[in-house]
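Have a look at the structure below, then the notes.
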Amino acid sequence: MTLELAANHGVSVQENGLGSSPLAIRGLTVSYGQKPAVFSVDITVQPGAMTAIIGPNGAGKSTLLKAALGIVPALSGQVTVYGDALEKQRARIAYVPQRASVDWDFPTRVIDVVLMGLSRELGLLGRIRGRHRARAMDCLNRVGMRDFVDRQIGQLSGGQQQRVFLARALAQGADLYLLDEPFAGVDAATEKAIIAVLKALKEAGKTVVVVHHDLATVTDYFDHVFLINTSKVAEGPVEQAFTAETLQAAYGGRLATAQIDQISRALG
Amino acid sequence: MSGEEFVPLSLTPLLIGTFAAIACALPGNFLVLRKQALIGDAISHVVLPGIVVAFILTGAISTWPMMLGAAGAAVVAVVMIEAIRRLGQIEPGAAMGVVFTTMFAAGVLLLEQTDTSTVHLDVEHALYGNLESLIWLDAVGWSSLLDLTALAGLPPELPRIAATLLGVTLFIWLFWRPLKISTFDEGFARTIGIRTGSLGFALVIVAAIAAVAAFDAVGSIIVIAMFICPPAAARMMTNRLETQIGWSVVFAVVSAVLGYVLAGYGPLWLGGADAVSAAGMIATVSGLILACAALWGPCKTRAGTPKVS
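In order, the protein sequences belong to chains A and B. Numbered per our numbering, the first sequence spans residues 1 to 268. Numbered per our numbering, the second sequence spans residues 1001 to 1309.
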């Protein structure tokens, strides 16, 4: 059955030693200036898992995702998506950028943003038809944003904007979802709504990778973690890789502050 | 005004002015949203050395070599801006500033060092063009529009700017979806396979072609004004990109027609004797439209981007 599925997707298992992992990276190095932002990182994302990418500010979490997707150029490294070249598997990837990375004053409505998720399917000049609209509406419904369909995107709150971005990713109908800080600066209701959608994706057998900054929620939300501080620190199931030692190694002296934050949050 | 007077004297400058205005306003919508609006300004500066070099090589003021020179200079500038931005790892605005001042200076230097001062290649011509002189002397009235021999006497600027407008429109129609997505969210655009680098480059090239064709017919004042004023005013009329494009075309047409008429008759109405520059008046009208939109446009208030920790 598994073999059959793999064959259906045209995936050649073990073709290049990276297997058919949804996202496998070897020796990825990215540099914006003199110092590397990401240095010789290996990662093998487990299929059907929810993986958190964790590390201190400036540790290269977002850069790792962007380089893996070809948004920023890598100095070196090999990226395979479902055992294949990235370009051949783009249709199976949905990416949610950081909310602050776009200009929300852009003249467009909620529904138009969600329809952007269908653009690979529509092609250059394909007409948007009723069934496309219906799918976009369904995705908005799943993130609880159905009532905002005709709203200009700049009129939404931060949490609502984040949900619209997630709806766009859902519209892509991908197998691998990569989200960059989806919980940054959103309200509690949005955080709950997003995590519910992500868990439903996992239930449906999809693979989810999230750049995450809140150490307090890691064990609740995720089953796998990837700790990074420019280089890889640890990778694996939460109970093995998310320990005091690995956190100390990733955060160093900064862990104290993170811990204080955690304690003060626990105390309300 | 009767057809006998209007067709030969006003129809062609009106059409050329209108086509030039639309050809610049269309890509201007995307340039304004990408915060690259000043690229129109930059292009109209950098084409100067190209025009002067073309003149030196051919020794005459002829249109095609000069347009090729201008286009060549625009391409050189775009490549230089990209190269400086990537190699120097500085922001695009700074790279643009370095390139366009350098090239404009080189153009002025060339102009001063070579014997071009005797011909009609001067600052005024570069700024205001010669819209009023683009008349159609072979025409006798509306019937001339069906007269092949009369049509052969049309000023060559008209078919040229019409073809440019057609090309610009085709480009935006064909690449509408990728242009919109990559202007809004470049990172996402790349993940769905849009070549955002090439597309952004193509947009600048299209803008450069529009700028050079318009520059040839109507001078750089209109180019600079039309890249920015109609799109910026249109943005304040609507919150949808599709509607914004429509408004920008309306504003471009209104600027061109009203500007042309006001330049020809406004001074007379005010008791003056001479007409003023049509290109200057077109730019002025577009500026007034922008001011009105900024004061009374229904979507003038910005929601503001959210603050993220």
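C-beta atoms are modelled at their ideal positions from N, C-alpha and C, and glycine is treated no differently.
Opposing strand residues paired with B/LEU1015 [DSSP bridges]: According to DSSP, B/LEU1015 bridges with nothing at all.
Sorted by chain position, which residues of the same chain lie with C-beta nearer than 7 Å to B/THR1012's C-beta, five sequence neighbours on each side aside? LEU1134, ILE1135, TRP1136, LEU1154, PRO1155, LEU1158
Euclidean distance between Cα positions of A/THR243 and A/ILE53: 14 Å
Candidates A/GLY27, A/LEU118, A/LEU64: closest to B/PRO1178 by CA position: A/LEU118
Return the first residue and the last residue of the beta strand (DSSP E) that A/TYR82 is part of. Looking at the DSSP string, A/TYR82 is not in any beta strand (DSSP E), and its letter there is neither H nor E.
What residue from A/THR190, A/ALA37, A/LEU28, A/THR51 has the CA that sits closest to A/GLU235's CA? A/THR51
Reduced DSSP secondary structure (H/G/I, E/B, other) of A/HIS213: coil
Please list the residues of the stretch 1169 to 1194 of chain B that have a C-beta atom closer than 9 Å to any C-beta atom in chain A, keeping them in chain order. TRP1173, LEU1174, PHE1175, TRP1176, ARG1177, PRO1178, LYS1180, ILE1181, THR1183, PHE1184, ASP1185, GLU1186, GLY1187, PHE1188, ALA1189, ARG1190, THR1191, ILE1192, GLY1193, ILE1194
Give me, in chain order, the residues of the same chain whose beta-carbon lies closer than 6 Å to that of A/VAL11; leave out the 5 immediate sequence neighbours on both sides. Summary for A/VAL11: the model assigns pLDDT 41, below 50, so the residue's position carries little reliability, and this model does not support an answer.
Any chance you could list the alpha helix (DSSP H) runs of at least 4 consecutive residues sitting entirely within the stretch 1169 to 1210 of chain B, in chain order? 1176 to 1184, 1186 to 1191
Residue closest to A/VAL197, alpha-carbon to alpha-carbon, out of A/HIS213, A/GLN161, A/CYS139, A/LEU247: A/CYS139
From which residue to which residue does the beta strand (DSSP E) around A/ILE43 run? 36 to 44
Is it the case that the Cβ atoms of A/LEU75 and A/SER31 are separated by a distance below 8 Å? yes
Taking 8 Å as the cut-off, decide whether the C-beta atoms of A/GLN162 and A/ILE194 are in contact. yes
Give the residues of chain B in contact with A/GLN152, contact being defined as C-beta atoms less than 9 Å apart. ASN1239, ARG1240, CYS1299, ALA1303
Which of helix, strand or coil DSSP assigns to A/SER76: strand
With distance defined between alpha-carbon atoms, name the residue in B/GLY1017, B/LEU1026, B/SER1182 nearest to B/PHE1227. B/LEU1026
Evaluate the contact criterion for the stretch 1036 to 1046 of chain B versus the stretch 1193 to 1212 of chain B: three or more CB pairs, one atom per stretch, below 8 Å. yes
Which chain B residues sit within Cβ distance under 8 Å of A/GLY58? Going along chain B, no residue has its Cβ under 8 Å from A/GLY58, so there is no contact; the nearest lies around 14 Å.
Do the stretch 1015 to 1024 of chain B and the stretch 1178 to 1197 of chain B meet, that is, are 3 or more Cβ pairs less than 8 Å apart? no
Give a yes or no on whether the minimum CB-CB distance between B/GLN1244 and chain A is below 8 Å. yes
Per DSSP, which one or two residues make a beta bridge with A/ASN229? A/SER231
Rounded to the nearest angstrom, what separates B/ALA1189 and A/VAL225 at their Cα positions? 27 Å
Residue span of the beta strand (DSSP E) that contains A/THR51, given as start and end: 50 to 54
Assuming A/GLY48 contacts A/LYS202 (C-beta within less than 8 Å), just tell me the rounded distance between them. 7 Å
Beta-carbon of A/PHE242 versus every beta-carbon of chain B: anything under 8 Å? no
At a CB distance below 7 Å, what residues from the stretch 1078 to 1103 of chain B approach chain A? Give them in sequence order. GLN1089
Should B/LEU1033 be flagged as near chain A, meaning a C-beta pair shorter than 8 Å? yes
Compare the C-alpha of A/MET116 against each of A/THR80, A/ALA94, A/GLN98 and name the closest. A/ALA94
Are B/PHE1100 and B/ALA1077 close, meaning C-beta to C-beta below 8 Å? yes
Using DSSP with H/G/I as helix, E/B as strand and the rest coil, what is A/THR190? helix
Is A/ILE195 helix, strand or coil when you go by DSSP? helix
Along chain B, which residues have their Cβ under 9 Å away from the Cβ of A/THR63? Going along chain B, no residue has its Cβ under 9 Å from A/THR63, so there is no contact; the nearest lies around 12 Å.
When DSSP labels each residue in this structure, what does B/PRO1155 get in the three-state scheme? coil
Would you decide whether A/ALA136 is buried or exposed? Buried here means 16 or more other CB atoms lie within 10 Å of its CB. buried
When we look at the beta-carbon of A/TYR177 and count the other beta-carbons within 10 Å, is it buried (16 or more) or exposed? buried
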